[in-house]
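Okay, structure first, notes after.
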Amino acid sequence: MAETVSSAVTQEVVSRVLSGIKERYERESKVKEHIERMETANIKLDTVLKTSEKWNITSVPLLRWQRKLKRVAQECDDTLLSCMQRLEEEEEFEHRVRRSSFPKRILHNASRLLVSSIFNSGNGEPNGSTVRRFEWFADSASEFLRYMEIGDIPRGYMFFDPPVRHLLGGKGTKYCLVRGDQRLLLFLRPFSLPGYGTEARLILLLQDGNAPENNFILGLHLRLTESTDVVGVTVRCMQLFTSHLRSTAETVKAELTQLPTQDFYWMPYDFSISSRKEHWDDLHTIFCKWFRQNPLCCQHQQHDHHYAQSYAGSSIGSLTRDVYLEPVTEVYLQGYVALSSTSNKRRRAIANGETWSTRDFSHLKISGLFSPHASSEDLSPAVGGSATQIINGETKHCGSYENISFEQLGDIMLPNAVDCLRGSAADTSYQMLWKSKHGGAYFRVKKTSWRAAHWKGRGEKRQKLRGKNVQGWTCEIAEFIGSWVAYAPAQLQGPICDWVRKEKQMPPMLEEMTQTE
1 MAETVSSAVT
11 QEVVSRVLSG
21 IKERYERESK
31 VKEHIERMET
41 ANIKLDTVLK
51 TSEKWNITSV
61 PLLRWQRKLK
71 RVAQECDDTL
81 LSCMQRLEEE
91 EEFEHRVRRS
101 SFPKRILHNA
111 SRLLVSSIFN
121 SGNGEPNGST
131 VRRFEWFADS
141 ASEFLRYMEI
151 GDIPRGYMFF
161 DPPVRHLLGG
171 KGTKYCLVRG
181 DQRLLLFLRP
191 FSLPGYGTEA
201 RLILLLQDGN
211 APENNFILGL
221 HLRLTESTDV
231 VGVTVRCMQL
241 FTSHLRSTAE
251 TVKAELTQLP
261 TQDFYWMPYD
271 FSISSRKEHW
281 DDLHTIFCKW
291 FRQNPLCCQH
301 QQHDHHYAQS
311 YAGSSIGSLT
321 RDVYLEPVTE
331 VYLQGYVALS
341 STSNKRRRAI
351 ANGETWSTRD
361 FSHLKISGLF
371 SPHASSEDLS
381 PAVGGSATQI
391 INGETKHCGS
401 YENISFEQLG
411 DIMLPNAVDC
421 LRGSAADTSY
431 QMLWKSKHGG
441 AYFRVKKTSW
451 RAAHWKGRGE
461 KRQKLRGKNV
471 QGWTCEIAEF
481 IGSWVAYAPA
491 QLQGPICDWV
501 RKEKQMPPML
511 EEMTQTE
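Residue numbering for the sequence shown follows UniProt numbering, beginning at 1 and increasing consecutively.
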């Protein structure tokens, strides 16, 4: 009786195992079919995305669509790789089983069937709905390509702002103007990064041999669309610095509005500083990926609410609506403020035609970097923004401020810096770091001396003086970045330190930037 029962049980087990083997082979056949369909969908997605990278996408909706397709393509690629690895493992297992004896083979398949039944819901195999989803996105990718060809570059545009047409066409410009003891320099060039569209980098600097308060360096990095008013956005951005560097901001706005943009000469971006193009593109990429980790930041309504929280309690909330910071990645501004009353005496002397060119004057050099889309995850949700004072490289815990806006930062930074640096000969540097959930800034104030200089005269001496000053702005920016990197996020410090080190090793760029007068 026992033998009969045992035999019946054995036959039932064998029957179920054989049935399971048949079902598994059918399942494997369907898995291979799903893998082939996913491969086809993946190829379609990859082809469309590769094609889209050759186009100058300026439409924000198309950039969002492209970003979505990239995420789906990566997901499809990961799923496909996982399924193929799983299939290879099963085929290798079956090959080993076939080489074993029949009883062992039955035992192996029985255990395999048991494991499969346990982990059936999460075995890494593609089901029909997953495959159909990838196929749907692959089909919609063709639609994306059609919209891109219809609605984006290349084609003729009626641009609102003349520089945009050239920048979107991959061209840049440089401009130089000498007015007595003043020298104005402008560099404007395009930059493209996959997923971010076409962006522009603007550098504007004024060197005044007699009035240090007029000297400034402005750097602006913004994303372009066919309707972007580059000069207009830059001018309005200066409103953000009125409480930090009012005189400098007003000087910048005055110079920008007088630029003869219609007369600029445009040429392909390799037009100047070609030896440094890749070097400065590296810095642009680092800043772009960090200061705007989400390329589509502030495209949705919830981000407007985020801004309102970050700037609560300040009139800057209204400024963000007027200035429209969405396309702006970062703004750098450097200017000078007189530390003593000798500045007024110097102005009167120059106005009266008296000689005042050999005397040094004590001034404060103020440099600020504002990134409207940077995010600080370590802040409490209840804190709208926080600021920390740093004197001579040492953080002052007693000088911390909470729930402070970017505009309010200017109201306390400059008075504190003046009190600190004028009251102590040992203190030479004052820094302030501002963080918020949406936006960040770093300011540095240093004591500096100023010796008046003139652009008068011709020949080699004048050319060397120009070259020295032109070279100076790159050194100024690199030195400022080097001071800020200690307070930057840990993952950003390595790339920035490498960039600063390379910048110091670079040969000076003089001739190519002094030939357009």
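We put the CB at the ideal spot given by N, CA and C, even for glycine. These figures come from a predicted structure and were not determined experimentally.
Residue i burial status per 10 Å Cβ neighbour count (16 or more: buried)
i           : result
Gln408      : buried
Trp290      : buried
Trp473      : buried
Met38       : buried
Ala41       : buried
Thr395      : exposed
Ala374      : buried
residue 592 : No information on residue 592 is available, as it lies outside the stretch 1 to 517 that the chain covers here.
Glu255      : buried
Ser52       : buried
Ser142      : exposed
Ser227      : exposed
Trp266      : buried
Arg223      : buried
Arg146      : exposed
Pro212      : buried
Gln258      : exposed
Gly180      : exposed
Arg475      : Checking the displayed sequence, the identity of residue 475 turns out to be Cys instead of Arg. Per the 10 Å Cβ criterion, exposed.
Gln491      : exposed
Gln66       : buried
Beta-carbon gap between residue i and residue j smaller than 9 Å
i      : j      : result
Lys435 : Ser386 : yes
His284 : Glu199 : yes
His221 : Glu326 : no
Met84  : Ile35  : yes
Gly368 : Phe191 : no
Phe144 : Val72  : no
His438 : Pro372 : yes
Tyr430 : Ile391 : yes
Arg201 : Phe216 : no
Ile286 : Pro495 : yes
Val233 : Val328 : yes
Ile366 : Ala417 : yes
Separation of residue j from residue i, as counted between CA atoms
i      : j      : result
Asp139 : Asn127 : 19 Å
Lys446 : Asp419 : 13 Å
Cys297 : Pro194 : 15 Å
Val164 : Val485 : 32 Å
Gly219 : Cys237 : 11 Å
Leu205 : Ala249 : 12 Å
Ser111 : Leu80  : With a pLDDT of 49 at Ser111, under the threshold of 50, the modelled position of that residue is not reliable, and the figure given next carries that caveat. Approximately 26 Å between the Cα atoms of the pair.
Glu92  : Arg86  : 10 Å
Val235 : Pro295 : 23 Å
Cys497 : Ser129 : 48 Å
Val500 : Pro268 : 26 Å
Val60  : Thr225 : 8 Å
Arg133 : Gly197 : 27 Å
Gly209 : Thr251 : 15 Å
Glu503 : His166 : 28 Å
Lys277 : Ile203 : 14 Å
Asp46  : Ile57  : 17 Å
Gln239 : Leu168 : 27 Å
Gly384 : Tyr401 : 11 Å
Val48  : Gly170 : 22 Å
Gln207 : Gln389 : 30 Å
Met432 : Gly393 : 10 Å
Gln505 : Glu90  : 55 Å
Asp282 : Thr448 : 30 Å
Tyr442 : Val178 : 32 Å
Ser310 : Tyr332 : At Ser310 the pLDDT is 42, less than 50, meaning the model places this residue with poor confidence; the figure from the coordinates comes in the next sentence. Those two C-alpha atoms are separated by around 20 Å.
Gly440 : Met148 : 34 Å
Can you confirm whether the stretch 64-77 touches the stretch 166-177 when touching is taken to mean that 3 or more C-beta pairs between the two stretches lie within less than 8 Å? The stretch 166-177 makes no contact with the stretch 64-77, as fewer than three CB pairs between them are under 8 Å.
For the structure I just gave you, are there three or more beta carbon pairs, one from the stretch 259-266 and one from the stretch 409-428, closer than 8 Å? As far as the Cβ criterion goes, the stretch 259-266 does not touch the stretch 409-428, which means the pair count is below three.
Segment contact flag, the stretch 241-248 with the stretch 325-337, C-beta cutoff 8 Å, min 3 pairs: Contact between the stretch 241-248 and the stretch 325-337 is established, with three or more Cβ pairs separated by less than 8 Å.
If we require 3 or more residues per run, which beta strand (DSSP E) segments fall completely within the stretch 206-265? Correct list: 216-223.
Please give the ranges of any alpha helix (DSSP H) in the stretch 374-439, keeping only runs that are unbroken, at least 4 residues long and fully inside the region. The qualifying runs are 406-423.
Counting only runs that start and end within the stretch 168-196, where is the alpha helix (DSSP H) found for 4 or more residues in a row? List check, alpha helix (DSSP H) in window: nothing returned.
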